[in-house]
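Working notes, beginning with the structure itself.
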Amino acid sequence: MPYGDADPTDPHMLIGVGLPAEAGTMTEMAWVFAEEFARMGFDTRRIMSLFRSPFYAGAHRAFRALGEAEVAAIALECVRVWGSHQPEEA
Amino acid sequence: MAQVHNWQLGREMNYPYTAAFPERQFAFVFNTNRCIACQSCTMACKSTWTFSKGQEHMWWANVETKPYGGYPMFWDMKILELLERANPEGQRWSGKPSSDPQAPYGRFEGRTIFEAERMLTPDSARILGYLPTDEEWNSPNIYEDNPVGERGKPFQWHKAGVELPEHKTWFFYLARICNHCTYPACLAACPRKAIYKRPEDGIVLIDQRECRGYRKCVEACPYKKSMYRGNTRISEKCVACYPRIEGKDPESGGRPWQTRCMAACIGQIRLQGLVKVNPDGTWAEDRQHPLYYLVHVAKVALPLYPQLGTVPNGYYIPPRWVPRPYLRQMFGPGVDQALERYEKPDRELTAVLQLFNRAREIVYRYGIVEGPKVYEGTLRGRRVTLYNDTVIAYGKDGEELFRTSVEEPVYVRPAKHANSI
Ligand code: SF4
Ligand code: SF4
């Protein structure tokens, strides 16, 4: 039923379904994106632009939940490990 | 019904035909931890195969937001619900993941979609499934992480999208194509035997001359990767870019190339290849094959919904941040071990992960040359030692395709060529 209103009688419509989620999932998500992209050779500037872009909704959601400073600290720690031999700006 | 061995389920299984296996099997590993839903893969496929009239609703390759989305809408919830009804005692596994190649994830005790006879109506149906409605096919990413446009304003997006309601908990992106299953449900369901699995590479194709559009394959494929085309009245599905796999791309110089969706991936999450198959359908030992290594040695990549029973040949490195019960349902009991290994990759895994998407050619074998220790310290309090090893990829005839290192240099494309392929 795209473009229609949600139909509460449709048993397959996701309405108010409880999802298991542990506290800290956002932090976990931020760590994973930062680490994965650091492994791929991104520097902190590029990792942060990924987080800032609303079009990368997963990373951006974590960015909005945690804030710039916390995400920047995470990105820096990952780049220190995985990007230690790369120039900061390629 | 014949009895076939389903190694992903660790047991014999009913299937309408006797088992027949290809020499090599088209297979792939997707690393969900890296997918950013840029949809480059989706568009690469669309612009290659499904851009014609009558194919508007077809996305042979798609990327959906889990747990909210699905294409067609709710496909996995619907088939899992049917499977749950066929398994009133639950979709249970027994045993534990082990090194037994006949049962690496333990044993699935429930019924698969081929074994749910009592659920089937009408009696002529062979396989548990359902036909999605037109509306479910229509809008592949609706209600996912991208808010819809305003009602009554078609073809416009919200300029302030992030201010719209958004999901406040975890989610991740699941990239999907046809799994070119070892026991394809689409093939098993076709009353005209118009679907076949190629003996050379296991690619599953619909013979367009034989198909009469009964849509039994659309109904039976649990992954909903067979699709009906209204204006030709026949069904179509992912063809695994077979001309590329055969090395027939004019630019390939005869070398087998990975599919378009693999080669286009921005996040470098994809690695596709052709694995050797044993006479019993299990993967033949091929220690230096990157897919064999990821699935059977490191065991970080797992099949998608193995309980459905088709032995899908798409494998996924599960997302690290998602609650385990959800992941166990989606990828089976191997999840905990896979994530433990992926989170703390050893030297070999770190190097093999560098092979993803570094070239268009299909990698048949890899070798590693050890390099110096470049880092020793901690990451989130856990000890990390990093070696700058070099991984070398070899092609079909043993020729070197490329080599790269764990700490590889980054090259930035000049802005004026940003969109060249
Ligand atoms: S994923 Fe579906 S369409 Fe593809 S081979 Fe398996 S059953 Fe057939
Ligand atoms: S191209 Fe790669 S990163 Fe982008 S959506 Fe597809 S699988 Fe994900």
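Just so you know, the protein sequences line up as chains A and B, in that order.
Its first residue numbered 1, the first sequence is counted upward by one per residue in the numbering used here.
Its first residue numbered 1001, the second sequence is counted upward by one per residue in the numbering used here.
Beta carbons: idealized from backbone N, C-alpha and C, even for Gly.
Which of helix, strand or coil DSSP assigns to residue i
i         : result
Arg1403/B : strand
Asn1006/B : strand
Phe63/A   : helix
Asn1138/B : helix
Arg1244/B : helix
Met1073/B : coil
Ile1079/B : helix
Val32/A   : helix
Tyr1029/B : The question names Tyr, yet the displayed sequence has Val at residue 1029/B. Residue state, collapsed to three classes: strand.
Glu89/A   : Any answer about Glu89/A is weak, because its pLDDT of 44 lies below 50 and its placement is not dependable; what the coordinates show is given next. The answer is coil: DSSP assigns Glu89/A none of H, G, I, E or B.
Val1063/B : strand
Trp1321/B : coil
Arg1413/B : coil
Thr44/A   : helix
Pro1016/B : coil
Thr1182/B : coil
Trp1093/B : strand
Lys1216/B : helix
Arg80/A   : helix
Glu1251/B : coil
Arg1192/B : coil
Arg1382/B : strand
Thr1390/B : strand
Met1227/B : strand
Pro2/A    : Residue placement at Pro2/A cannot be trusted, given a pLDDT of 47 that sits under 50; the coordinates are not used to answer.
Gly1273/B : strand
Tyr1143/B : coil
Glu1109/B : coil
Distance cut-off 6 Å: residue i Cβ against heavy atoms of ligand 1
i         : result
Cys1211/B : no
Cys1221/B : yes
Asn1179/B : yes
Pro1072/B : no
Val1297/B : no
Ser1094/B : no
Ser1226/B : yes
Lys1193/B : no
Lys1344/B : no
Lys1237/B : yes
Val1204/B : yes
Thr44/A   : no
Thr1112/B : no
Thr1050/B : no
Thr1182/B : no
Thr1310/B : yes
Contact test: residue i Cβ vs ligand 2 heavy atom, cutoff 6 Å
i         : result
Cys1041/B : yes
Val1029/B : no
Gly1267/B : yes
Cys1241/B : no
Ala1175/B : yes
Cys1186/B : no
Val1322/B : no
Ala1037/B : yes
Val1063/B : yes
Q: May I ask you to list, following chain order, the residues of the segment 58 to 69 of chain A that have a beta carbon less than 8 Å from some beta carbon of chain B?
A: Gly58, Ala59, His60, Arg61 and Arg64
Q: Answer yes if the segment 1012 to 1024 of chain B comes into contact with the segment 1289 to 1305 of chain B, meaning at least three C-beta pairs across the two stretches below 8 Å, and no otherwise.
A: no
Q) Which residues, in chain order, does the segment 69 to 80 of chain A contribute to contact with chain B at a C-beta distance below 8 Å? A) Glu77, Cys78 and Arg80
Q) In chain order, what residues of the segment 1263 to 1287 of chain B put their CB closer than 7 Å to some CB of chain A? A) Gln1268
Q. Are the segment 1252 to 1264 of chain B and the segment 1069 to 1076 of chain B touching by the rule of at least three beta carbon pairs closer than 8 Å?
A. no
**Q.** Contact between the segment 1168 to 1180 of chain B and the segment 1001 to 1019 of chain B (3+ Cβ pairs under 8 Å)
**A.** no
Q.
Across the segment 1329 to 1341 of chain B and the segment 1032 to 1041 of chain B, are there enough close Cβ pairs to call them in contact, namely three or more that are closer than 8 Å?
A. no
Q: Kindly confirm or deny that the segment 1125 to 1138 of chain B and the segment 1360 to 1370 of chain B touch, where touching means at least three C-beta pairs closer than 8 Å.
A: no
Q: Could you please tell me which residues of the segment 1366 to 1391 of chain B, in chain order, have their CB closer than 9 Å to any CB of chain A?
A: Val1374, Tyr1375, Gly1377, Thr1378, Leu1379, Arg1380, Val1384, Leu1386 and Asn1388
(Q) Tell me which residues of the segment 1072 to 1084 of chain B have at least one Cβ-Cβ distance to chain A shorter than 9 Å, keeping chain order. (A) Met1073, Phe1074, Met1077, Lys1078 and Glu1081
(Q) Contact between the segment 1199 to 1207 of chain B and the segment 1057 to 1065 of chain B is defined here as three or more beta-carbon pairs at a separation below 8 Å; is this criterion met? (A) no
Q) Between the segment 1175 to 1194 of chain B and the segment 1203 to 1213 of chain B, do three or more beta carbon pairs fall short of 8 Å? A) yes
Q: Count the CB pairs spanning the segment 1325 to 1335 of chain B and the segment 1298 to 1307 of chain B that are closer than 8 Å, and state whether there are at least three.
A: yes
Q. Is the segment 1260 to 1273 of chain B touching the segment 1028 to 1035 of chain B in the sense that three or more CB pairs, one from each, lie closer than 8 Å?
A. yes
**Q.** Proximal residues, the segment 1023 to 1050 of chain B versus chain A, C-beta separation under 9 Å
**A.** Asn1031, Asn1033, Arg1034, Cys1035, Ile1036, Ala1037 and Cys1038
Q) Can you list, in chain order, the residues of the segment 1321 to 1343 of chain B whose Cβ is nearer than 7 Å to any Cβ on chain A? A) Trp1321, Pro1323, Pro1325 and Tyr1326
Q: Count the C-beta pairs between the segment 1340 to 1353 of chain B and the segment 1226 to 1241 of chain B that are closer than 8 Å, then say yes if the count reaches three, no if not.
A: no
**Q.** the segment 1235 to 1245 of chain B / the segment 1307 to 1326 of chain B touching (three or more Cβ pairs under 8 Å)
**A.** no
Q.
If contact is defined by three or more beta carbon pairs under 8 Å, each pair taking one atom from either stretch, is the segment 1349 to 1356 of chain B in contact with the segment 1378 to 1397 of chain B?
A. yes
Q | the segment 1400 to 1411 of chain B: positions lying closer than 8 Å to chain A by Cβ | A | Glu1407, Glu1408, Pro1409, Val1410 and Tyr1411
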